[in-house]
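Here's the structure, in structure tokens; my notes come after.
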Amino acid sequence: MAYKVIILYQLYMPSYFLGTFTEYPYLILVLFVVFFLISLALVNSLEQFINNNAYSQAKAIANNALIIFEREIARIESIPQNVTDMQGELNYKNIPDLPIRILRSYKTLIGSSVHYDLKNPEVADFIHINAYRTADEKIHFTQPDPCCNYCHPDSAKIIKSAPNNGYWIYSEVNHCKTIALCHLIHNSQHQPCGILKVDFPLKNLNALIGSYKLFRSGNLFVVDREGNYIAHPAPSPSGKQNLISHLTGPKASFIHRSISRGETCATTVELDKQKHYLYYTPFSPMDWQIGIICPYNEILYSSGKLYFMLFLSMGLGLLCLFIGIVNIVKRLSSPLLELAYSTRRVAEGQFDIVLPIPKSCKEIYDLYDSFHYLQQNLVNYIERLKITTAEKEQYNSEMRLARRIQQRFLPRPILLPPNIELAADLRQCREVGGDFYEYFQLGNQLYFAIGDVAGKGTPAALYMASISKLFRYIASNNTSTAQICNLINKHMCDDADDDIYTTIFIGIIDINTGIMTFTNAGHPYPLIIHHNGQTSFLNKYPDVPIGVLEEHEFSEHIYTFNKNTTLLFYTDGITDTENQSGQFYGQDKMIRCVEAQTVKTPAFIIQALLEDIHSHIGQGNQSDDLTLLAIKYKGIPGSK
């Protein structure tokens, strides 16, 4: 057993630890897969972080722009109140100078105008005075001239319906687009009598939002509720004046609806077949949307260094991990490889080899200690095995000798008269067995016996030898089969302390008359093979086996042979033979085999039966001794 353990170890352990060095590619592959999965998770996390960061920056920029826009709008909306405080009550004298005063006070404005009739606004005989600033910062204005319907075809109705806090309109001054605040002017009777308009150039909005950048080229823009550009750093992005028409892809209609509802949104869109990040939020005072649009690759590019440092750190970490694993594996496997090499030498028969003592860790030392103990036990086991093998070889030699001796107990073929024929065979399942047969001729009497000692092996063989020789000795001085059985039974009962019994059939045939006297001491019934090939059993007069009842008196009986009749004697090993399926050979198969033979000589019948039995056993093993004895009586000498 220990030797098998060594062989298993030397077959398995070296291949395992040597495989560690040859499977570095698999380790690298595993590390690469781990690196890939971690990278994928980090990339997703980073992308989400980048999107959140872009959203936060865009929101902050848009909110800052909203604050500045609201501040600028509030400053412009405060101009009428400031003018009123500065001018006091408006009259014909101070109104003509009002536009130029406003432009001089507010440098960000490009134009200012008044549209009024202080005396009778119902007549709609309005005077229009306009002042505007040119590119060289000079201010020009027109003289008071009648100008009907300058602002609207029905100026009087506009004045009446205008809100007191003013309203905003789109306008144009000196070919420059503006947004204008229109505010009511009241006369001394506190009646609305005109409109004061101040113009803020949209190009100033472009300059204002142009100072805001998201990453490298992300721009701030202003659109109305239809998506038309109010302000954009580029005069006409991609030649289009509408944000919605500037977009491509399925999200364009969604963006249009969202802007028209004045919603806040952050998403990605396709612009000029390129992915962009878009954020917008409403600017309530003007029904505008202030937004930021930026190429998406710039957002990712801004984190390129972060990606690089991250992957570099991970790569270096995995490299260090790989080197560390390799070193650990080498430190652990090196003493194990040495130990495996030594155990292979032990398995090859070098039992005196010194196992290397490992110094790396306690577990490997425990393994060494176990194999050292195994080596010592293996040496002792081999020594004991040598002794056992020698003893077994001696035993086998003795058993072979016992087999040859037992074969010598069996009778040799004898020369019989021509009117009687005899054949016998014994096939043992072990070296020695308990089956036997015996026969000899005294005058015109043929003595024979066939028996089976209970049990197998050496004890049965010794009893077999004893009974066989005892039968020959007793039968030589007695002509009664019953008396022969009585003497054998008494002798065996005197010496039998092991409860061993024997079944035996003893017969004496008068060769001249064909009359057989017999005693059946518990033996299977003989098979009678008649001259016509039919069979039957001599199933009369059974008696108890030898060695069972010491005081038992056996009886003898007579059977007369008919001409060409054969008696077949056998032991129970014939009928009790099993195949691999557990099926017995049985008496029926024995009868069919005998009746199927065309040649009815004793030797031929015995040979046919043995072949049929071995065919029944197949690949299985013979489980009991097989013994057959056949006697054919051909008739009274001289009779026809």
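Numbered continuously in my numbering, the sequence shown closes out at residue 1069. Think of the CB as a built atom: it goes at the ideal place given N, C-alpha and C, for glycine as much as any other residue. Predicted model only: the values in this text are computed from it and were never measured.
Extent of the continuous alpha helix (DSSP H) to which residue i belongs
i: arginine 533; result: 527-534
i: leucine 715; result: Going by the sequence as given, residue 715 is methionine instead of leucine. Run containing methionine 715: none; DSSP gives neither H nor E here.
i: alanine 695; result: Segment 694-700 is the beta strand (DSSP E) holding alanine 695; no alpha helix (DSSP H) there.
i: glutamate 1040; result: 1031-1046
i: aspartate 1017; result: 1015-1024
i: phenylalanine 900; result: 886-904
i: alanine 681; result: 681-689
CB of residue i within 7 Å of CB of residue j, strictly
i: valine 651; j: isoleucine 539; result: no
i: isoleucine 917; j: tyrosine 892; result: no
i: proline 751; j: leucine 460; result: Sequence inspection shows phenylalanine at residue 751; the proline mentioned does not correspond to that position. The answer is yes: Cβ separation under 7 Å.
i: threonine 910; j: threonine 948; result: yes
i: phenylalanine 900; j: alanine 883; result: no
i: glutamate 850; j: proline 1066; result: no
i: arginine 859; j: glycine 886; result: yes
i: valine 627; j: isoleucine 508; result: yes
i: proline 528; j: isoleucine 558; result: yes
i: tyrosine 999; j: histidine 986; result: no
i: leucine 649; j: isoleucine 754; result: no
i: glycine 623; j: cysteine 611; result: no
i: glycine 647; j: cysteine 749; result: no
i: isoleucine 1090; j: leucine 996; result: Absent from the model: residue 1090. The displayed extent of the chain is 430 to 1069, so no value can be given.
i: isoleucine 614; j: tyrosine 545; result: yes
i: phenylalanine 838; j: alanine 894; result: yes
Assumed close pair residue i, residue j - CB separation to whole angstroms, cut-off 8 Å
i: threonine 932; j: glycine 951; result: 4 Å
i: serine 474; j: phenylalanine 740; result: Actually they do not touch by this definition, with Cβ atoms about 14 Å apart.
i: tyrosine 706; j: threonine 697; result: 6 Å
i: phenylalanine 865; j: serine 897; result: 5 Å
i: proline 764; j: isoleucine 793; result: 5 Å
i: serine 994; j: isoleucine 958; result: For clarity, residue 994 is threonine in the given sequence; the question names serine instead. So it is a contact: roughly 7 Å between Cβ atoms.
i: asparagine 1080; j: glycine 656; result: Because residue 1080 is not part of the residues shown, which for the chain are 430 to 1069, the question remains open.
i: leucine 1038; j: leucine 1058; result: Wrong, their Cβ atoms sit about 12 Å apart, outside the cutoff.
i: isoleucine 935; j: cysteine 914; result: 6 Å
First through last residue of the beta strand (DSSP E) which encompasses residue i
i: threonine 710; result: 703-712
i: histidine 569; result: 568-570
i: phenylalanine 966; result: 964-966
i: lysine 1061; result: 1055-1062
i: lysine 626; result: 621-630
i: isoleucine 935; result: 931-939
i: histidine 544; result: 540-545
i: isoleucine 556; result: 556-562
i: isoleucine 879; result: 874-882
i: tyrosine 865; result: In the sequence on display, residue 865 carries phenylalanine and not tyrosine. 864-871 is the extent of the beta strand (DSSP E) around phenylalanine 865.
i: threonine 989; result: 986-989
For residue i, the three-state DSSP class (helix, strand or coil)
i: phenylalanine 998; result: strand
i: threonine 818; result: helix
i: tyrosine 407; result: Summary: the structure shown does not reach residue 407, with the chain confined to residues 430 through 1069, and so no result is reported for it.
i: proline 764; result: helix
i: glutamate 655; result: coil
i: tyrosine 954; result: coil
i: valine 783; result: coil
i: glutamine 670; result: coil
i: glycine 778; result: coil
i: glycine 448; result: Confidence is the limiting factor: at glycine 448 the pLDDT is only 49, short of 50, which leaves the residue's position unreliable and the question unanswerable from this model.
i: tyrosine 970; result: coil
i: serine 507; result: coil
i: cysteine 749; result: helix
i: proline 575; result: Any answer about proline 575 is weak, because its pLDDT of 43 lies below 50 and its placement is not dependable; what the coordinates show is given next. Correct three-state label for proline 575: strand.
i: arginine 645; result: coil
i: lysine 606; result: strand
i: valine 808; result: helix
i: glutamate 476; result: helix
i: threonine 910; result: helix
i: isoleucine 843; result: coil
i: threonine 1027; result: coil
i: histidine 920; result: helix
i: proline 724; result: strand
i: arginine 773; result: helix
i: glutamate 850; result: strand
i: alanine 553; result: The pLDDT assigned to alanine 553 is 45, lower than 50, so where the model puts this residue is not dependable; a value taken from the coordinates is nonetheless given after this. DSSP places alanine 553 in coil when its eight states are reduced to three.
i: arginine 859; result: coil
i: serine 1052; result: coil
i: serine 1010; result: coil
i: asparagine 949; result: strand
Does the contact criterion of 3 or more C-beta pairs under 8 Å hold for the stretch 1018-1031 versus the stretch 812-831?
Here the stretch 1018-1031 makes no contact with the stretch 812-831; the two share fewer than three CB pairs at distances below 8 Å.
Do the stretch 803-819 and the stretch 838-847 meet, that is, are 3 or more Cβ pairs less than 8 Å apart?
Under the Cβ criterion (8 Å, minimum of three pairs), the stretch 803-819 does not count as touching the stretch 838-847.
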